[in-house]
Amino acid sequence: METSASLLASAAGPVSAAGPVPAPGPVPAPASGSGRAAVLAGLGAYVPPRVLTNAELCGQRPIGDEWIRERTGVASRRIADGEATVDLAVRAGRHALTAAGVSAVDAVVLTTISPDRLLPAGAPEVAARLGLGTVPAFDLASGCSGFLYGLGVASSMITAGAFDRVLLVASDVFSAFLDPGDWLMSAIFGDGAGAAVLCAGGAGAPGAFGPFDLGSDGAQADLLEIPGGGARARKRILAEPGATFSPYFRMDGPAVRKQAVVGMCDSVTRALERAGWRLGDLDLLVAHQANQRILDGLAAELGLAPGQVLSHIETYGNAAAASVPVLLAQAAAAGTLSPGLRVALTAYGAGLAWGSTTLVWPGVRAVAEDG
């Protein structure tokens with residue numbers, strides 16, 4: 011088991027910035043006056059131990075490691091064997107609580123697109139297994155942008171004074187929803203969980219999340235979907251004997267890639283404007299690890315240097331809703347993030363749904379377990 015002390019910090023390791031991470035510059039003044047805000051207090055991550063390499067994945071298929079790397083940037087991914095979404099969530103959540111130095115919270119939010127079951131929600135079980143008592147606990151499902159939506163919801167609850175401390179966990183065992191015969195989807199996605207503890211603090215404090223940009227476009231919902239398992243499929247199966255719906259994830263890759271680059275670029279730009287930052291004020295971007303081509307396109311559209319965009323997709327693939335918090339926790343644990351860095355977070359996924367926010371890095375502790 012690897013923790014914060016043993017994670018690799020070099021660009022050749024799991025977390026890479028493809029260049030030197032810039033030193034923090036002067037912090038711009040916030041766009042609005044000081045007040046109550048949600049502040050990042052600790053991070054945790056867990057990725058399962060099984061490594062599925064491209065060579066193992068390809069087998070006898072007419073593709074290979076080089077083909078997958080060129081199109082996705084992925085060389086390996088983690089697969090949960092004998093572990094479910096809540097299992098991963100509990101481990102990441104425990105690490106975040108340890109990192110924050112707390113043993114109690116006021117609420118637990120779990121964001122996932124691979125729930126262990128349709129009912130009940132997984133968050134109450136996460137809270138119970140972490141010994142957090144009978145606190146409010148609920149699930150959010152917002153595709154790969156789920157962690158950003160979870161941050162927005164948790165931050166709003168804290169800012170409103172409803173809670174002082176919230177545990178947010180993003181966990182996905184997405185490999186369970188991939189068609190074994192669809193080698194391209196199997197090449198992109200992996201499993202993992204990331205978590206954050208948010209506490210009440212001042213709006214101008216390091217680690218305070220800035221204004222959020224959240225949005226959706228349900229007119230394009232069918233670009234990414236799992237058609238089977240829900241009420242629509244069940245009703246039709248009951249009404250039409252012999253009717254079936256696929257339980258597997260499907261995606262229009264080319265359309266999503268174009269939408270994701272433009273969508274995240276626009277969302278980040280709006281979040282920066284709402285925070286009173288210019289693009290030139292930004293030191294580092296932590297984006298959903300969808301595909302290396304998408305990350306490269308996002309950097310190019312925003313005019314960012316390679317060293318300003320973190321990536322670990324080569325080693326871990328796309329961990330769905332968990333990708334941003336896992337990357338963030340690993341980078342923090344490895345010492346990649348310096349206090350004072352101006353950081354933007356962004357994600358885009360099924361729904362379609364997207365989200366972005368900003369924070370000045372507070373130098374919080376992170377515990378990241380690598381199997």
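Using this note's numbering, the letters of the sequence shown correspond one by one to residues 11 to 381.
Using N, Cα and C, we set each Cβ at its ideal position, and we do this for glycine too.
What you are looking at is a predicted structure, and each value in this text was computed from that prediction instead of being measured.
task: List in chain order: all unbroken alpha helix (DSSP H) runs of 4+ residues lying wholly within the region 42-76.
output: Taken in chain order, the complete alpha helix (DSSP H) segments of 4 residues or longer contained in the region 42-76 are 64-68.
query: Since residue 281 contacts residue 367 with CB under 8 Å, what's their CB separation in whole angstroms?
result: Taking the first residue of the sequence shown as position 1, residue 281 is located at position 271. Taking the first residue of the sequence shown as position 1, residue 367 is located at position 357. Confirmed, Cβ separation roughly 6 Å.
- prompt: Straight-line CA distance for residue 148 to residue 141?
  reply: Here the question's residue 148 lines up with position 138 in the sequence shown. Here the question's residue 141 lines up with position 131 in the sequence shown. When rounded, the distance between both Cα atoms is 16 Å.
field: CB of residue 151 within 8 Å of CB of residue 335, strictly
entry: Translated into positions along the sequence shown, residue 151 becomes position 141. Translated into positions along the sequence shown, residue 335 becomes position 325. No; because the gap between Cβ atoms is not below 8 Å, this pair is not in contact.
query: Roughly how far, in whole angstroms, is the beta-carbon of residue 174 from the beta-carbon of residue 209, given that I think they are within contact range, below 8 Å?
result: The residue given as residue 174 occupies position 164 in the sequence shown. The residue given as residue 209 occupies position 199 in the sequence shown. Indeed, because the Cβ distance is near 7 Å, the residues count as touching under 8 Å.
- request: Please list, in chain order, all residues of the same chain as residue 107 whose beta carbon is under 6 Å from its beta carbon, the five residues on each side excluded.
  value: As a working note, residue 107 is residue 97 in the sequence shown. No residues qualify anywhere along the chain.
query: Given a threshold of 16 other Cβ atoms within 10 Å of its Cβ, counted over all protein chains shown, does residue 196 qualify as buried or as exposed?
result: What you label residue 196 is simply residue 186 of the sequence shown in a count that begins at 1. With 16 or more neighbouring CB atoms inside 10 Å of its own CB, residue 196 falls in the buried class.
- request: Verify whether the separation of the beta carbon atoms of residue 164 and residue 47 is less than 8 Å.
  value: Against the sequence shown, residue 164 aligns to sequence position 154. Against the sequence shown, residue 47 aligns to sequence position 37. No; because the gap between Cβ atoms is not below 8 Å, this pair is not in contact.
- request: Output yes or no for whether 8 Å exceeds the beta carbon distance between residue 341 and residue 320.
  value: Working through the sequence shown from its first residue, we reach residue 341 at position 331. Working through the sequence shown from its first residue, we reach residue 320 at position 310. Going by C-beta atoms, residue 341 is nearer than 8 Å to residue 320.
Counterpart residues of residue 114 in DSSP-defined beta bridges: One-based indexing of the sequence shown puts residue 114 at position 104. Residue 114 pairs with nothing; no bridge assigned.
task: Please name the residue or residues paired with residue 275 in a DSSP beta bridge.
output: Sequence index remark: in the sequence shown, residue 275 carries index 265 (1-based). According to DSSP, residue 275 bridges with nothing at all.
query: Is residue 234 closer than 8 Å to residue 153 when the C-beta atoms are compared?
result: To locate residue 153, count along the sequence shown from 1; it is residue 143. To locate residue 234, count along the sequence shown from 1; it is residue 224. For residue 153 and residue 234, yes; Cβs fall inside 8 Å.
message: Buried or exposed for residue 33, going by 16 or more other Cβ atoms inside 10 Å?
response: Here residue 33 corresponds to residue number 23 of the sequence shown, with the count starting at 1. Because the pLDDT at residue 33 is just 46, under 50, the model does not fix this residue reliably, and the point stays unresolved.
- request: Return the CA-CA distance between residue 268 and residue 114, expressed in angstroms with no decimal places.
  value: Along the sequence shown, read from residue 1 onward, the residue named residue 268 stands at position 258. Along the sequence shown, read from residue 1 onward, the residue named residue 114 stands at position 104. Taking the straight line from one Cα to the other gives about 42 Å.
Beta-carbon proximity of residue 230 to residue 129, cut-off 8 Å: Translated into the one-based positions of the sequence shown, residue 230 becomes position 220. Translated into the one-based positions of the sequence shown, residue 129 becomes position 119. At least 8 Å separates the beta-carbon of residue 230 from that of residue 129.
message: Restricting to runs no shorter than 4 residues, where is the alpha helix (DSSP H) found entirely within the region 254-298?
response: Those alpha helix (DSSP H) runs which fall completely within the region 254-298 and span 4+ residues are 263-285.
- prompt: Based on Cα-Cα distance, which residue from 127, 103, 126, 125 lies nearest to residue 118?
  reply: Here residue 118 refers to the residue found at position 108 when the sequence shown is read from its first residue. Relative to the Cα of residue 118, the nearest Cα in the group 127, 103, 126, 125 belongs to 103.
message: Taking only three categories from DSSP, how would you classify residue 150?
response: In the sequence shown, residue 150 corresponds to position 140, counting from 1. Assigned with DSSP and collapsed to three states, residue 150 falls in strand.
field: CA nearest to the CA of residue 61, picked from 74, 88, 82
entry: For the purposes of this step, residue 61 is identified with residue 51 of the sequence shown, where counting begins at 1. Checked all of 74, 88, 82; the closest Cα to residue 61 is 88.
- prompt: Whose CA, out of 316, 75, 53, 355, lies closest to the CA of residue 176?
  reply: For this step, residue 176 is matched to residue 166 along the sequence shown. The residue with the shortest Cα to Cα distance from residue 176 is 53.
query: By the 10 Å Cβ neighbour count, where 16 or more other Cβ atoms means buried, how is residue 101 classified, buried or exposed?
result: In the sequence shown, residue 101 corresponds to position 91, counting from 1. Label assigned to residue 101: buried.
field: For residue 270 and residue 358, the rounded distance between their alpha carbons
entry: The residue given as residue 358 occupies position 348 in the sequence shown. The residue given as residue 270 occupies position 260 in the sequence shown. Each residue's alpha carbon lies about 6 Å from the other.
task: Leaving aside the five residues before and after residue 169 along the sequence, list all residues of the same chain whose C-beta is less than 7 Å from its C-beta, in chain order.
output: Position 159 of the sequence shown holds residue 169. So the list reads 46, 47, 48, once near-sequence residues are dropped.
message: Check for me: the beta strand (DSSP E) holding residue 211 runs from which residue to which?
response: Along the sequence shown, read from residue 1 onward, the residue named residue 211 stands at position 201. From DSSP, the beta strand (DSSP E) with residue 211 extends over 202-212.
- prompt: Smallest Cα separation from residue 327: which of 355, 202, 220?
  reply: Counting from 1 along the sequence shown, the entry for residue 327 is found at position 317. Here the closest residue by C-alpha is 202.
- prompt: Taking only runs of the beta strand (DSSP E) that begin and end inside the region 156-199, which ones reach a length of at least 3 residues, in chain order?
  reply: Listed in chain order, they are 175-182.
- prompt: How close, in whole Å, do the beta carbons of residue 84 and residue 323 come, if the pair is a contact with beta carbons under 8 Å?
  reply: Within the sequence shown, numbered from 1, the residue matching residue 84 stands at position 74. Within the sequence shown, numbered from 1, the residue matching residue 323 stands at position 313. Going by Cβ atoms, the distance from residue 84 to residue 323 rounds to 6 Å, so yes, they are a contact pair.
field: C-alpha distance - residue 339 paired with residue 193, whole-angstrom precision
entry: Locating residue 339 in the sequence shown gives position 329, where the first residue counts as 1. Locating residue 193 in the sequence shown gives position 183, where the first residue counts as 1. Roughly 29 Å separates the two Cα atoms.
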